[in-house]
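This report concerns only the one structure given below.
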Amino acid sequence: MILFWIGQGIGFVGVIISFIIFQQKNKNKMILYKLLSDIIWALHYGFIGAYSGMAVALVNIPREVVYYCQNKNKNNSPISLVVFGIINVVFAIITWKNVFSLFPTFASISAMFAFWLNNVKATKKISLVVSVLMLTYDIFNSSYMGILNEIITLISIIVALTVLLRNKKEISEAEKEKENE
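So that you can map any letter, position 101 of the sequence shown is 83 in this note's numbering, and since no number is skipped, the others follow by simple counting.
Written out as C-alpha cells, the structure reads:
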C-alpha cells in the first residue's frame, strides 16, 4: 500500500509538468515537457500497479526523443508513427488486464499522431481525446493523481485553444480594419 501512495506522490509531480505542456507555443518545448512527463508517469503507473499505463509511458520516452530530433531536423517521417504504433500494440497485448488496459494504447497512438503533426492547434485538439481516454483509464485504476492530471489537462487545453481562437479573431478583426481604411 505504501508503494501506491508513493506512486500518487510521484503523480503529483506529473500533474504539474503535464499542465505546462499545453501552455507552450513552441512544438519542441511541448515535446521536451512531454518527455519529462512520460518519465514521471511511467514511475507513477508502475508504483500503483497500472502496468498498461506504465508500458505506454515507457514506449513514449524514446518516441518523444525521435520526435524532438525529427522536428529539429524538419524531417517528420511517417515511419516513426508505424514503428511506435506497432510497439504500443505489442505492449497492449503483453499488459492486457481488461478493456480499459487498451485505453492508454489508444491514447498513445492518438498522441503520437498529434505530436507528429506540424500544427500546435491540431495537437492540442487531438490531445482532448487523449485526455478523455486517460481519464477513463485513471478512474478504473484508482490513479488519483492521473484523474486530477486529466481534469487539469482538459482545462489547460481548453484555455489554450480559447486563447488561440481569441488571438486569431483579434488578428482577423485588425486585418478587416486595415482593409476598410
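Glycine is no exception: its CB is placed at the ideal position from the N, C-alpha and C atoms.
Assuming residue i contacts residue j under a Cβ cut-off of 8 Å, what Cβ separation, rounded to an integer in Å, is found between them?
i	j	result
W98	Y49	7 Å
V41	F73	6 Å
T135	F1	7 Å
T77	S34	4 Å
L146	K103	6 Å
For residue i and residue j, I'd like the C-alpha separation in whole angstroms.
i	j	result
T118	N55	36 Å
T105	N70	19 Å
D120	L(-15)	17 Å
R45	N162	48 Å
V38	K151	38 Å
V(-3)	I61	31 Å
F95	K9	13 Å
Q52	S59	8 Å
S92	N101	14 Å
E155	L63	38 Å
I(-1)	Y27	16 Å
V65	W23	22 Å
L14	N57	17 Å
R148	I21	34 Å
Based on Cα-Cα distance, which residue from the options lies nearest to residue i?
i	options	result
S19	S83, K151, E132, I76	E132
M12	Y27, L(-15), V47, K150	V47
K107	K79, I137, W(-13)	I137
W(-13)	L115, E152, L25, S59	L25
G(-11)	I68, M94, E155, Y126	Y126
M(-17)	F29, S154, N101, I(-1)	F29
L17	I(-8), I43, A32	I43
M36	L84, L146, L130	L84
G(-9)	L147, V145, K103, L130	L130
A32	Y15, I21, L115, F122	F122
Within 8 Å (strictly less), CB to CB, does residue i reach chain D?
i	result
A89	No chain D appears in the structure shown, which is made up of a single protein chain.
Exercise. Does the segment 83 to 98 come close enough to the segment 110 to 126 that 3 or more CB-CB pairs lie under 8 Å?
Worked result: Yes, they touch.
Exercise. Does the count of Cβ pairs from the segment 127 to 146 and the segment -2 to 14 closer than 8 Å reach three?
Worked result: A contact exists between the segment 127 to 146 and the segment -2 to 14.
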